[in-house]
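full-length UniProt numbering applies: residue 1 is where the sequence shown begins, and numbers increase by one.
Cβ coordinates follow ideal geometry from the N, Cα and C atoms, glycine included.
The structure presented is a predicted model; accordingly, all values stated were derived computationally and were not measured.
One structure below.
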Amino acid sequence: MSSSAKDNKVHDEEDLDEMLAADDAAEEIVENEDDDIAMDSDNEELVLQNDSIAYFDLPSDSLFAIAQHPAHPSLIAVGGSAGQEDDAPGAGWIFDASVAQSRPVLPSSFASDPAADDASPRTTQLESLFSLDGHSDSINALAWTLPQGQVLVSGGLDGRLRAWKADVRPGQGLDVSLLGETQEVEEINWLAACPAPSHPNTVALGASDGSVWVYTIDPTDDAAPLQIVQSYFLHTGSCTAGAWTPDGQMLATVSEDSSLYVWDVWGLAAAQGLVGDNGMTAVSLTGSDQRFEVEGGLYSVAIDPKGAFVAAGGAGGAIKIVSLPRLTPQTQSQSQARGRAGAGKSASDPSTGGQILASLHTQGESVETLAVSLTSTTPPTTLVAAGSVDGSIVVFDASRRFAVRRHIVGASSLRPETPAASVGPSDF
1 MSSSAKDNKV HDEEDLDEML AADDAAEEIV ENEDDDIAMD SDNEELVLQN
51 DSIAYFDLPS DSLFAIAQHP AHPSLIAVGG SAGQEDDAPG AGWIFDASVA
101 QSRPVLPSSF ASDPAADDAS PRTTQLESLF SLDGHSDSIN ALAWTLPQGQ
151 VLVSGGLDGR LRAWKADVRP GQGLDVSLLG ETQEVEEINW LAACPAPSHP
201 NTVALGASDG SVWVYTIDPT DDAAPLQIVQ SYFLHTGSCT AGAWTPDGQM
251 LATVSEDSSL YVWDVWGLAA AQGLVGDNGM TAVSLTGSDQ RFEVEGGLYS
301 VAIDPKGAFV AAGGAGGAIK IVSLPRLTPQ TQSQSQARGR AGAGKSASDP
351 STGGQILASL HTQGESVETL AVSLTSTTPP TTLVAAGSVD GSIVVFDASR
401 RFAVRRHIVG ASSLRPETPA ASVGPSDF
């Protein structure tokens, strides 16, 4: 027999071996859709324990915004959607958390006396004092104006900015009435109240078209309570976050286009010769600068309580620390003289701001929230906390060149057989 014939015979036998036997082919495999393959995680039990002192469950759908009254911290405003339908309007509520009874910090399960649970106060259901309406889409942002919280401002995905006059009468209740509304943009992403004492009842907002607006609200002006102070249009992507400097003189905003602008809202930086060529910004950084570029954009911003730097967080866990210009309050004549003297300052002068102090990259996914605070130690330490979509929280120490002080992995995840505490408003 030739070698080719032998090869053909071998291949035919291999093909026959790969074919199903008649009995096997006739066997019917019944799929049981009700019985899934058991997973290891199916045996894990999540023990959820509600340790809150109060709850508010009137909303029928998601909440996207919350704001605490600056002078009466027990007054809380929340906003979101009125329903699950695609065309559901926006809805908001104001409630008073002071009616909740306090309880020990640790849950009753930690008590030495098992009977202590029977004597502990029950969780209080909070009632709505006022309902916010008038938005055709979800309320996405809320802010009480400073310093006294005379006005509550709501911003929606419908682009509407609505101002509510809030008259708080201790012991007598809360009187809320609509002052007015305006709409200059398609969607409002965030609201921030200006802390400058010389500019009360002022708020800033960022929009989906990248624009930034500053409004001053006069509760006594029934005809035109909302007045535009400034509007800016340098961002080319959605303006995702904004924050005022502690003195309320400058406003920092970030965008999906990876840009950071620090706006000279009231002209103090310009009077000291610390603004850029555009005449509007004290700091201007964009993705065109490869040292600052964050592919995917920036989504959070926070400012040092001492006004020394701004932190901007974005996609991929990137955080940029940028210096802020040093401003000094002056009289009008001093400002004019300083403005002429400072007109020739170079970008390398540390007083001008805009220097990239650090580029941090500890977390793996987008940094969606940032906070900067001073510790109560002596001397105080400046800490930067970053929250990421990957569920982690990282704390950086500014006094040690922004070294990682603590990295909490899976901070927002639930662990099997671990009680998940729901923390109540302990300071109300």
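Rounded to whole angstroms, what's the CA-CA distance from residue 458 to T124? Just pull it up for me. Residue 458 falls outside the range modelled here, since the chain spans only 1 to 428, and no answer is possible.
Reference G180; option with closest CA among I217, A398, P147 and D304: I217
Since S231 contacts L298 with CB under 8 Å, what's their CB separation in whole angstroms? So it is not a contact: roughly 21 Å between Cβ atoms.
Enclosing alpha helix (DSSP H) for L274 [first to last residue]: Premise fails: L274 is in no alpha helix (DSSP H) and is neither H nor E.
Taking the beta carbon of S259 as the centre, do at least 16 other beta carbons fall within 10 Å, making it buried, or is it exposed? buried
Comparing alpha-carbon positions, which option in L58, F233, M280 and A312 lies nearest V294? A312
Presumed contact (8 Å Cβ cut-off) between T236 and V301, rounded CB distance: No, T236 and V301 are not in contact; Cβ-Cβ is about 17 Å, not under 8 Å.
Three-state secondary structure (DSSP) at T286? coil
Going by the beta-carbon positions, is the gap between S136 and G90 smaller than 9 Å? yes
Can you tell me the Cβ-Cβ gap for P200 and P147, rounded? I've got them flagged as a contact below 8 Å. 6 Å
Range covered by the beta strand (DSSP E) that runs through R406: A403 to I408
Where A337 and L324 are concerned, what is the direct C-alpha to C-alpha distance, given to the nearest angstrom? Residue placement at A337 is flagged as unreliable, the pLDDT there being 45, under the threshold of 50; the coordinate-derived value follows with that caveat. Those two C-alpha atoms are separated by around 22 Å.
Same chain, Cβ closer than 7 Å to P225, neighbours up to 5 away in sequence not counted: A163, L179, G180, I217, D218 and P219
Based on DSSP bridge pairs, tell me the residues matched to T124. A54
I'd like to know if the segment 168-175 and the segment 184-199 are in contact, where contact means that at least 3 CB-CB pairs between them fall below 8 Å. No, the segment 168-175 does not touch the segment 184-199.
Enumerate in chain order the residues of its own chain whose CB-to-CB distance from A67 is below 6 Å, with the five nearest sequence positions on each side excluded. A77, L142, A143 and W144.
Residues near L370 in its chain [Cβ-Cβ closer than 6 Å; skip 5 each side]: Closer than 6 Å at Cβ, skipping near neighbours: S300, A302, A311, G313 and A386.
Is it buried or exposed for G410, if we count other Cβ within 10 angstroms and need 16 for buried? exposed
G69 burial status per 10 Å Cβ neighbour count (16 or more: buried): Checking the displayed sequence, the identity of residue 69 turns out to be His instead of Gly. Result: buried.
Is G317 near S366, with beta carbons less than 9 Å apart? With respect to the 9 Å criterion, G317 and S366 are classified as neighbours on the basis of their beta carbons.
Hey, G242 and A271 are a contact pair by Cβ (cut 8 Å); roughly how many whole angstroms apart? In fact, because the Cβ distance is near 23 Å, the residues do not count as touching under 8 Å.
Just to confirm my understanding: we take T362, look at its own chain, exclude 5 residues before and 5 after, and list those with CB closer than 7 Å. What are they? G317, V394, V404 and H407
Neighbourhood of G353 by C-beta distance below 8 Å, restricted to the same chain and skipping five residues each side: V262, L274, A282, V283, V322, S323, L324, P325 and R326
Mind pulling the beta strand (DSSP E) runs of 3 or more residues that sit fully within the segment 60-111? 63-68, 75-81 and 90-96
If you reduce the DSSP assignment to three classes, tell me which class L161 lands in. strand
Name the two residues that bound the continuous beta strand (DSSP E) containing F309. F309 to G314
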